[in-house]
Amino acid sequence: MKHLKASLSFAAIGTLLLASACGSTAPADEKPKSGDSSSTAPAAPAGPLSKYPTPIEVTTVRSVDASIKFVGSDTIDNNEWTRAYLDELGIKLKYNWIATSGEDSAQKMNVMIASGDLPDIIPVNAIQLKQLVEADLIADLSDVYAKYASPLAKKFMEGNSPEQLNSAKFNGKLMAIPNTNSSIDGASILWVRTDWLKKLGLSEPKTMDDVGNIAEAFAKRDPDGNGKNDTFGLGINKGIGGGGIMGLAGFFNGFHAYTGSWVKDASGNLVYGSILPEVKPALLKLQEMYKAGLLDKEFGVKDGAKAGEDAVAGKIGLYYGAMWNPINPLQKGKDLDPNMEWGAFPIVSVDSKPARPQVGNPVFAYYAVKKGAKNPEAVMKMVNLFVEKGWGEKQDFDNFFTSKDGIELFKHSPFNAWSPTKNLDVHLAVVNSLKTGDTSKLNGEQKSTYDKIKKFNEGDNKNWNQARVFGESSSFAVINQYQNNNLPLMSQFFGAPTKTMGEKKATLDKMELETFTKIIMGEPIEAFDKFVEDWKKLGGTDITKEVNEWAKSAR
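In my numbering, the protein residues as written are 1448 to 2002.
Okay, here's the thing in structure tokens:
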């Protein structure tokens, strides 16, 4: 889920995970006219990667961040991707404008959409996509996708989670090509100080009772051996739900509760997970742990980054977090204390029913096409090329994704779609090579990760994080278990915010957080029932109606 990036985004992780470059886009010096441009277009070649016999010009816009770098004299207008578009597809890409990511880019996009002066391809978020659809400014790409999407691109967009493609549909029409990524990367991991487990003679967590017992031992049995009562049992941040660093999504999932997520009820309708009865026992357990002194009494003022500092300082040895946590914040703790050891474990269940980690729909951006554009299929061809350069027969990682000297070439590509199992595939390939010693089949990213883990195995603690994310005993070993057992549970709402969401969601979210925080700190559990009642009255009922109307129209 995208909100799990509050503490550390995939972009911040950078080359270590090479998650996607959030689907932004970039500049140029002259604007096309927004009228009908459908005349005298060269016939589109039939195949997903076929080259136009006469080169065509396609316009777009783009935002870029300060981290983007280039090889030699390359620029955003002339680099390995723009040259490949021209040489391999016959597409000359032209940017109408370029802006810095953030306020500058948002302002330019809003002005552009409001004016209707659009380029051929418009990179947008979910809200902007909805605006363009309602204004009838963009083309239906259903036929373009059916005819031109490569089999591998279709696999990325439909294979593991068809919701990604459905998120770009309005009344059954595909109105944009989604920039897809991985949902399973967002699944919660239970992180535990295994050196403390060993010191206190405790077993690895298998049940929710185990989590409670470990939390009590870590809080009260002096696991750091300093003779002081200065450690906490279970890490928690002020946001409570979500993931990232010390969010409690995985804890709630252990009670089969899915806060902040939309799930199907017995009749197939979508309901908001935070108001369902399964949330109550999870809150009661947290209240019990707080009263027993197992939670940080000051959690209500600590965000994920601040809570992470407690883990680095050796004050916390048990928490729910993200697969990337060894990179940030835990590597800092390992640097300070080489004896510190964290293990990744699957989230555990309160009963015999398996715990299912909740995940969000991983669409970072959408690529819409102006109504009347000469070659609407061009965007699909460029997305296909990205997919093929990364994972297909044209795979060329070192020249198109990350250079040998570490430049993130993938950021130069304005039109992306990422494998839903890219990082998991790194783990599987690297672990196999670690076992066999054969690295001949590893791509550039995989070989780089393999080399770092080998360095760690030879005593280089600076690469501990890579071993704990991608190695044999790692977060992706846990995610592989989730995947093999079909456990991740994706939120079933992944459209643009509904009308009432735009008006009421911020207020409802604030009420939810305040209520849950007060209950954890000791307010009677009846406050939850009052919250559910107020949530419905103050806009939740209307939001639920709108979400279910969307669900019917999106399919």
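For glycine and all other residues, C-beta sits at the position ideal for the given N, C-alpha and C. Values in this document were obtained by computation on a predicted structure and should not be read as measured data.
task: Indicate the three-state DSSP secondary structure (helix, strand or coil) for residue 1817 in the structure shown.
output: As a position in the sequence shown, residue 1817 is number 370, starting the count at 1. Looking at residue 1817 - three-state DSSP - the assignment turns out to be strand.
- request: May I ask you to report which of helix, strand or coil DSSP gives residue 1611?
  value: Looking up residue 1611 in the sequence shown gives position 164. Looking at residue 1611 - three-state DSSP - the assignment turns out to be helix.
field: Three-state class that DSSP yields for residue 1517 in the structure shown
entry: Counting from one through the sequence shown, the residue named residue 1517 turns up at place 70. It is coil, neither helix nor strand.
message: Let me make sure I understand the geometry here. Which of 1654, 1678, 1742 has the alpha-carbon closest to that of residue 1694?
response: Position 247 of the sequence shown holds residue 1694. Residue 1742 is the option with its Cα nearest to residue 1694.
- prompt: How do the segment 1721-1738 and the segment 1973-1985 stand: do at least 3 beta-carbon pairs fall below 8 angstroms, yes or no?
  reply: yes
query: Where do the ends of the beta strand (DSSP E) carrying residue 1849 lie?
result: On the sequence shown, position 402 is the one that residue 1849 refers to. From DSSP, residue 1849 is part of no beta strand (DSSP E); its letter is neither H nor E.
field: Contacts around residue 1516, its chain only, beta-carbon distance under 6 angstroms, and the 5 residues preceding and following it disregarded
entry: Your numbering for residue 1516 matches position 69 in the sequence shown. Closer than 6 angstroms at Cβ, skipping near neighbours: 1854.
task: For my contact list, residue 1806 and residue 1649 are in at a C-beta cut-off of 8 angstroms; report their separation, rounded to the angstrom.
output: On the sequence shown, residue 1806 is found 359 positions in, with the first residue counted as 1. On the sequence shown, residue 1649 is found 202 positions in, with the first residue counted as 1. Between residue 1649 and residue 1806 the Cβ distance is about 29 angstroms, and since that is not below 8 angstroms, they are no contact.
field: Supposed close pair residue 1727, residue 1523 - CB separation, criterion 8 angstroms
entry: Position 280 of the sequence shown, counted from the start, is the residue given in the question as residue 1727. Position 76 of the sequence shown, counted from the start, is the residue given in the question as residue 1523. Their Cβ separation, rounded to whole angstroms, is 52 angstroms, which puts residue 1727 and residue 1523 out of contact at 8 angstroms.
task: Pull up the distance between the alpha-carbon of residue 1878 and that of residue 1791, whole angstroms please.
output: Counting from 1 along the sequence shown, the entry for residue 1878 is found at position 431. Counting from 1 along the sequence shown, the entry for residue 1791 is found at position 344. Distance between the alpha carbons of residue 1878 and residue 1791 is about 16 angstroms.
- request: Evaluate contact between the segment 1523-1541 and the segment 1551-1560, counting only Cβ atoms and requiring at least three cross-stretch pairs below 8 angstroms.
  value: no
message: I'd like to confirm the pairing. Which residues does DSSP put opposite residue 2004 in its beta bridges?
response: The structure shown does not extend to residue 2004, since the chain is modelled only from 1448 through 2002, so no value can be given for it.
field: Nonlocal neighbours in the same chain, by C-beta distance under 8 angstroms from residue 1985, ignoring five residues either side
entry: Taking the first residue of the sequence shown as position 1, residue 1985 is located at position 538. 1951, 1954, 1955, 1958.
query: Which residue or residues does DSSP assign as beta-bridge partners of residue 1654?
result: Here residue 1654 is taken as the residue at index 207 of the sequence shown, counted from 1. According to DSSP, residue 1654 bridges with 1796.
message: Taking the alpha carbon of residue 1505 as the reference point, which residue from 1816, 1894, 1974 has its own alpha carbon closest?
response: Within the sequence shown, numbered from 1, the residue matching residue 1505 stands at position 58. Ranking the options by Cα distance to residue 1505, first place goes to 1816.
message: Alpha carbons only, please: which of 1614, 1907, 1689 is nearest the one belonging to residue 1767?
response: Position 320 of the sequence shown, counted from the first residue, corresponds to residue 1767. Out of 1614, 1907, 1689, 1689 has the C-alpha closest to the C-alpha of residue 1767.
- prompt: Quick one, are the C-beta atoms of residue 1603 and residue 1866 less than 7 angstroms apart?
  reply: For the purposes of this step, residue 1603 is identified with residue 156 of the sequence shown, where counting begins at 1. For the purposes of this step, residue 1866 is identified with residue 419 of the sequence shown, where counting begins at 1. Yes, they are a contact pair.
field: Cutoff 7 angstroms: residue 1654 Cβ touching any chain B Cβ
entry: Given the protein chain composition of this structure (a single chain), no chain B is represented.
message: For the segment 1769-1783 against the segment 1613-1627, do three or more pairs of beta-carbon atoms, one drawn from each stretch, fall closer than 8 angstroms, so that the two count as touching?
response: no
query: What span of residues does the alpha helix (DSSP H) with residue 1739 cover, start to end?
result: By 1-based counting over the sequence shown, the position of residue 1739 is 292. Residue 1739 -> no alpha helix (DSSP H), and no H or E assigned at all.
- prompt: Using the rule of at least 16 other Cβ atoms within 10 Å of the residue's Cβ for burial, across every protein chain shown, is residue 1500 buried or exposed?
  reply: Here residue 1500 refers to the residue found at position 53 when the sequence shown is read from its first residue. With fewer than 16 other Cβ atoms within 10 Å, it is exposed.
query: In three-state terms, what does DSSP make of residue 1679?
result: The sequence position of residue 1679 within the sequence shown is 232, counting from 1. Three-state DSSP puts residue 1679 in a strand.
query: Taking the Cβ atom as the reference point for each residue, do residue 1990 and residue 1947 lie within a distance shorter than 7 angstroms?
result: Your numbering for residue 1990 matches position 543 in the sequence shown. Your numbering for residue 1947 matches position 500 in the sequence shown. Yes; because the gap between Cβ atoms is below 7 angstroms, this pair is in contact.
query: Can you tell me where the alpha helix (DSSP H) with residue 1706 in it begins and where it stops?
result: In the sequence shown, residue 1706 corresponds to position 259, counting from 1. Premise fails: residue 1706 is in no alpha helix (DSSP H) and is neither H nor E.
field: C-alpha distance - residue 1903 paired with residue 1759, whole-angstrom precision
entry: Along the sequence shown, one-based indexing puts residue 1903 at 456. Along the sequence shown, one-based indexing puts residue 1759 at 312. Residue 1903 and residue 1759: Cα-Cα distance of roughly 19 angstroms.
- request: Give the C-beta separation of residue 1748 and residue 1939 to the nearest angstrom, bearing in mind that I take them to be a contact with Cβ-Cβ under 8 angstroms.
  value: Locating residue 1748 in the sequence shown gives position 301, counting from the first residue. Locating residue 1939 in the sequence shown gives position 492, counting from the first residue. With 8 angstroms as the limit, residue 1748 and residue 1939 do not qualify as a contact, their Cβ atoms being about 33 angstroms apart.
query: Can you tell me the Cα-Cα spacing of residue 1486 and residue 1821, whole angstroms?
result: Position 39 of the sequence shown, counted from the start, is the residue given in the question as residue 1486. Position 374 of the sequence shown, counted from the start, is the residue given in the question as residue 1821. Residue placement at residue 1486 cannot be trusted, given a pLDDT of 43 that sits under 50; the coordinates are not used to answer.
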